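Asker: Each residue of the sequence shown is one higher than the last, beginning at 111 in this note's numbering. Where is the CB? At the ideal position from N, CA and C, for every residue including glycine. Remember, it's a predicted structure, so these values are computed and weren't measured experimentally. Dropping a structure here in structure tokens format, bear with me for questions.
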Amino acid sequence: MIKIVRLHFLASHIFLLLCFVLHLFVRPYNTFPWINSISFLTLFITTIIHPLLGLGVLSFVIPFTANVYEHLNALFQIRLLILDLLSIDSIIGFILAILFRDIYLKKWDFGLKEIQDKTRFLLYLLISFHLIIILTVAIGISRNLYQAASAFSLQGLFHNLINIRYAGLYDDYFPLRDLFIFTAVITLSIRLLALVRTKFQLNQSILVPLFAASVIILTYAVYSKITGVGYNRDGAEFGVNSFFPDLHAYGGYALAAFVGGLYYLNSSNTILRIIAGAYSLLAAVGVVVSSSRFSIVMLLLSILIYLVFFIKTKSEKPLLTFAFIALVGLAAAILLNHWGDRDLFRYLAQVPKAKSFAEFSTALSDRPDIFRSVIVMYSQYPILGLGKGIFYRQSSFGEFSDSDFFAGIYNGENAHNYFLQILAETGFVGFSVFCFIFVYQAVFLKNRYSQIVTILIIGIFLGNLYGHSLLIPNILVILFILLGAANTELQDSSARQEIVYKNLSQHWRYFLIAAATALIIAATMEVKTSYGKVPFQPRFVCHKAAYYEDQQTGGLFEGNYKVTGKTMKLKYTNHNPENKTYPLTIDFDLEQLGENIYHHKRNINSPGQYEDNFDIHQLSNGSDVLLRIKTSQCFTPINMGINWDNRRLGIQLIKVSFE
111 MIKIVRLHFL ASHIFLLLCF VLHLFVRPYN TFPWINSISF LTLFITTIIH
161 PLLGLGVLSF VIPFTANVYE HLNALFQIRL LILDLLSIDS IIGFILAILF
211 RDIYLKKWDF GLKEIQDKTR FLLYLLISFH LIIILTVAIG ISRNLYQAAS
261 AFSLQGLFHN LINIRYAGLY DDYFPLRDLF IFTAVITLSI RLLALVRTKF
311 QLNQSILVPL FAASVIILTY AVYSKITGVG YNRDGAEFGV NSFFPDLHAY
361 GGYALAAFVG GLYYLNSSNT ILRIIAGAYS LLAAVGVVVS SSRFSIVMLL
411 LSILIYLVFF IKTKSEKPLL TFAFIALVGL AAAILLNHWG DRDLFRYLAQ
461 VPKAKSFAEF STALSDRPDI FRSVIVMYSQ YPILGLGKGI FYRQSSFGEF
511 SDSDFFAGIY NGENAHNYFL QILAETGFVG FSVFCFIFVY QAVFLKNRYS
561 QIVTILIIGI FLGNLYGHSL LIPNILVILF ILLGAANTEL QDSSARQEIV
611 YKNLSQHWRY FLIAAATALI IAATMEVKTS YGKVPFQPRF VCHKAAYYED
661 QQTGGLFEGN YKVTGKTMKL KYTNHNPENK TYPLTIDFDL EQLGENIYHH
711 KRNINSPGQY EDNFDIHQLS NGSDVLLRIK TSQCFTPINM GINWDNRRLG
761 IQLIKVSFE
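Written out as structure tokens, the structure is:
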């Protein structure tokens, strides 16, 4: 098994290095992305000096990497080319430096043998989830291609791999972005399992840097709210987003910081309790200034739960702690009244008064309708889901999502609950493994030294029950950094438990093998029968009637013409280079008064300009005729590496004339 783990480990490093080199040196812009290169080199050099130093730098810089460009511009009027996924560049620099050290020191086991059995099972879970990501990415790509009636192309795959950072939300190969991100964070987490072993390492290389970064981010958010300084997407008077793309992502981050601060209020160290109190107050104010309504609700609930727990357990903690938390809640309420709550309490008051599901959903920011729609979509493909990275696009089809929010208002959106998004995209299999990874960490690897890790993970998850901050790569990186610290002080006696899977009877082992076999067969049938089912049908993407200003058609074209001759002449161009391998079939139909009066089929096996003449002598001059052109395939130029055009095209209809 260890050989398979090493192979997976090396393959992940090679894939990440290949992507990084391609993104930097084979790019659509002439300007070199110096910031991304500096981020990579900084982490590489500091990690070469000492891995724990590199980890400390990584933990500190990651929270700032989501929205650096906008803030440099807003604060200092500095415009720099910063490629998307700056946090992933930092990870690549870190893990490649450790790999380089291992090779130099001839540590061919890459430290993986040092991982204990209990933690090694977590490693296997991470690899299993990575394999599920790879599988569902492949499923997503194949379904997208079928839906777009486009042929698979190594050239297209390579092009989209290069342009992961530039891809739009609706491009066919958006799944490759998720593959790149998850490969990075899972590889990082596995590496940290062998690196972070003591509470001192956990504190100095993860917790203290994260604390320092969050103090800066929270302080900047409060300052930005008061002064209006900096970049705030929705305006400081509405809500601030600090170093994050939107106020919801920032609100979720601030909420996790607050929960972490509450944990240290239990410390026996007086100085640490004072620091935790000040930090908790700052984080609470940070949540309020975000104006993220759910984050504010969870903040108030967290305070309430803490106070109830304090009373019920008859805690020996000083009464001053109870009074302080109560004052934090009071301060949050006062600030909400001062800065506004975006009608939070007015909407909450409407919930019990709702007379219909629509009113109930509206009162809760459309989340009930969104969640209902996600469950509807998931129910169609429950085992392996829709495919990783394609939720946005598939949700835009009303016939599938059954939601005005997805199909009408936003033309595709995220699930506004990260767990539901994982469920919809990777199915029951991926969702179960993802959840079990964190359940296993919290239950089987728990000890008093790493308890804070579990608390912070819970804090991050709280911000994703009603939101989507884990879709922001740097928040996902923080989550997997914390997961990688699960091996801290595991030799502690409190963590010595037998692993269940080692003690299974032969009967149970046979049962699990049979269940796994049945699941594989069912999953195979689900994928095989999905092609041609809603929404994976060409009519949703390729065969939608379209005609553009540059005379390009969609996979379906419909146009009305006035008959002025006995022959209809068509001149058109086929631009699809893949037709040399996958011939194109074009169906030409003429209709009059709803009846088909002429049909012509043509096969084309190369790009170029073509002409067709249709005999229509039976039609009267001056009458109207409908021309319908349907292509067997669609050409998506961006997938062929020609330009940035992501339309699904049929042919370029140059001229229609009569003689």
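Excluding five sequence neighbours on each side, which residues of the same chain lie with their C-beta closer than 6 Å to the C-beta of ILE696?
Answerer: Within the sequence shown, residue 696 is the residue found at index 586, counting from 1. ARG712 and THR741.
Asker: Would you mind stating whether ALA473 and THR229 have Cβ atoms separated by less than 8 Å?
Answerer: Start at 1 with the first residue of the sequence shown, and residue 473 comes out as number 363. Start at 1 with the first residue of the sequence shown, and residue 229 comes out as number 119. Not a contact, by the Cβ cut-off of 8 Å.
Asker: Is SER604 helix, strand or coil when you go by DSSP?
Answerer: One-based indexing of the sequence shown puts residue 604 at position 494. Below a pLDDT of 50, predicted positions are generally treated as unreliable, and SER604, at 44, falls in that range; the measurement from the model is reported next regardless. Of the three classes helix, strand and coil, the one that applies to SER604 here is helix, per DSSP.
Asker: Thinking GLY499 and LEU303 are a contact (beta carbons under 8 Å), I'd like their distance in whole angstroms, please.
Answerer: Position 389 of the sequence shown, counting from 1, holds the residue named residue 499. Position 193 of the sequence shown, counting from 1, holds the residue named residue 303. With 8 Å as the limit, GLY499 and LEU303 do not qualify as a contact, their Cβ atoms being about 26 Å apart.
Asker: What would DSSP say about VAL136, mapped onto helix, strand or coil?
Answerer: Numbered from 1 along the sequence shown, position 26 holds the residue referred to as residue 136. In this structure, VAL136 counts as coil in the three-state DSSP scheme.
Asker: Can you tell me whether TYR280 is helix, strand or coil according to DSSP?
Answerer: The residue you call residue 280 lines up with position 170 of the sequence shown. Confidence at TYR280 is low in this model, with a pLDDT of 49, below 50, so its placement is unreliable and the value that follows should be read with caution. Coil.
Asker: Buried or exposed: PHE170, going by 16 or more other Cβ atoms within 10 Å of its Cβ?
Answerer: Looking up residue 170 in the sequence shown gives position 60. So PHE170 counts as buried.
Asker: Please report how far the alpha carbon of ARG253 lies from the alpha carbon of ARG503, in whole angstroms.
Answerer: For this step, residue 253 is matched to residue 143 along the sequence shown. For this step, residue 503 is matched to residue 393 along the sequence shown. If I take the Cα positions, the gap works out to 12 Å.
Asker: Does THR157 pass the burial test, meaning 16 or more other C-beta atoms within 10 Å, or should it be called exposed?
Answerer: Looking up residue 157 in the sequence shown gives position 47. Its Cβ being crowded by 16 or more others within 10 Å, THR157 is buried.
Asker: With a Cβ-Cβ cutoff of 8 Å, do LEU391 and THR329 count as a contact?
Answerer: The sequence position of residue 391 within the sequence shown is 281, counting from 1. The sequence position of residue 329 within the sequence shown is 219, counting from 1. No; because the gap between Cβ atoms is not below 8 Å, this pair is not in contact.
Asker: Can you give me the C-alpha to C-alpha distance between LEU454 and ASP476, rounded to a whole angstrom?
Answerer: Here the question's residue 454 lines up with position 344 in the sequence shown. Here the question's residue 476 lines up with position 366 in the sequence shown. Those two C-alpha atoms are separated by around 13 Å.
Asker: Taking the Cβ atom as the reference point for each residue, do GLY250 and LEU496 lie within a distance shorter than 8 Å?
Answerer: Looking up residue 250 in the sequence shown gives position 140. Looking up residue 496 in the sequence shown gives position 386. In contact: GLY250 and LEU496 (Cβ atoms closer than 8 Å).
Asker: Take the Cβ of GLY760 as the centre, count every other Cβ of all protein chains shown within 10 Å, and call the residue buried at 16 or more, exposed below.
Answerer: Translated into the one-based positions of the sequence shown, residue 760 becomes position 650. The residue in question, GLY760, is buried, as its Cβ has 16 or more Cβ neighbours within 10 Å.
Asker: Is it true that the segment 451 to 469 meets the segment 393 to 403, where meeting means three or more beta-carbon pairs spaced less than 8 Å apart?
Answerer: Touching, yes.
Asker: Could you tell me the boundaries of the beta strand (DSSP E) in which ILE696 lies?
Answerer: As a position in the sequence shown, residue 696 is number 586, starting the count at 1. It spans 694 to 702 - the beta strand (DSSP E) in which ILE696 sits, taken as one unbroken run.
Asker: Looking at HIS240 and ILE296, is the spacing between their C-beta atoms short of 8 Å?
Answerer: Locating residue 296 in the sequence shown gives position 186, counting from the first residue. Locating residue 240 in the sequence shown gives position 130, counting from the first residue. In this structure, HIS240 lies closer than 8 Å to ILE296 by Cβ.
Asker: My parser needs the alpha helix (DSSP H) runs of 4 or more residues fully inside the segment 414 to 486; what are they?
Answerer: As far as the segment 414 to 486 is concerned, its whole alpha helix (DSSP H) runs of at least 4 residues are 429 to 449, 454 to 460 and 467 to 473.
Asker: Starting from ASN684, trace the beta strand (DSSP E) in both directions and tell me its first and last residue.
Answerer: Numbered from 1 along the sequence shown, position 574 holds the residue referred to as residue 684. It spans 677 to 684 - the beta strand (DSSP E) in which ASN684 sits, taken as one unbroken run.
Asker: By DSSP, does ASN670 sit in helix, in strand, or in coil?
Answerer: For the purposes of this step, residue 670 is taken as residue 560 along the sequence shown, with counting starting at 1. Strand.
Asker: VAL735 lies in the beta strand (DSSP E); which residues open and close that run?
Answerer: Numbered from its first residue, the sequence shown carries residue 735 at position 625. Where VAL735 is concerned, the enclosing beta strand (DSSP E) stretches over 734 to 741.
Asker: Which word fits LEU196, buried or exposed, when buried means at least 16 other C-beta atoms lie within 10 angstroms of its C-beta?
Answerer: Along the sequence shown, one-based indexing puts residue 196 at 86. Classification for LEU196: buried.
Asker: Starting from PHE368 and walking both ways along the beta strand (DSSP E), at which residues does that stretch end?
Answerer: Taking the first residue of the sequence shown as position 1, residue 368 is located at position 258. Premise fails: PHE368 lies in the alpha helix (DSSP H), 357 to 374, not in any beta strand (DSSP E).
Asker: Whose C-alpha, out of ALA656, THR598 and ASN379, is nearest the C-alpha of VAL306?
Answerer: Working through the sequence shown from its first residue, we reach residue 306 at position 196. Comparing Cα positions, the closest option is THR598.
Asker: Using the beta-carbon count (16 or more within 10 Å), is VAL438 buried or exposed?
Answerer: By 1-based counting over the sequence shown, the position of residue 438 is 328. By the neighbour-count rule (16 or more Cβ atoms within 10 Å), VAL438 is buried.
Asker: What is the DSSP secondary structure of SER767, counted as helix, strand or coil?
Answerer: Within the sequence shown, the letter at position 657 stands for residue 767. In the structure shown, SER767 sits in a strand (DSSP, three-state: E or B).
Asker: Just to confirm before moving on: does the CB-CB distance between ALA386 and GLY371 stay below 8 Å?
Answerer: The residue labelled residue 386 in the question sits at position 276 within the sequence shown. The residue labelled residue 371 in the question sits at position 261 within the sequence shown. It is a contact, given that the beta carbons lie within the stated cut-off.
Asker: Who does HIS709 pair with in a DSSP beta bridge?
Answerer: Your numbering for residue 709 matches position 599 in the sequence shown. Answer is ASP699, bridged to HIS709.
Asker: HIS526 and ILE480 - do their beta-carbons sit closer together than 8 Å?
Answerer: Stepping through the sequence shown from its first residue, residue 480 is reached at position 370. Stepping through the sequence shown from its first residue, residue 526 is reached at position 416. Against a cut-off of 8 Å, the Cβ pair of HIS526 and ILE480 comes out as a contact.
Asker: Taking just the CA atoms, how far does LEU622 sit from LEU614?
Answerer: For the purposes of this step, residue 614 is taken as the residue at position 504 of the sequence shown. For the purposes of this step, residue 622 is taken as the residue at position 512 of the sequence shown. Cα-Cα distance, rounded: 10 Å.
Asker: Starting from GLY718, trace the beta strand (DSSP E) both ways and give me its first and last residue.
Answerer: Looking up residue 718 in the sequence shown gives position 608. GLY718 -> beta strand (DSSP E) spans 718 to 725.
Asker: Label THR380 either buried or exposed according to how many other C-beta atoms from any shown protein chain fall within 10 Å of its C-beta, with 16 as the threshold for buried.
Answerer: Position 270 of the sequence shown, counted from the start, is the residue given in the question as residue 380. Exposed, since its Cβ has fewer than 16 Cβ neighbours within 10 Å.
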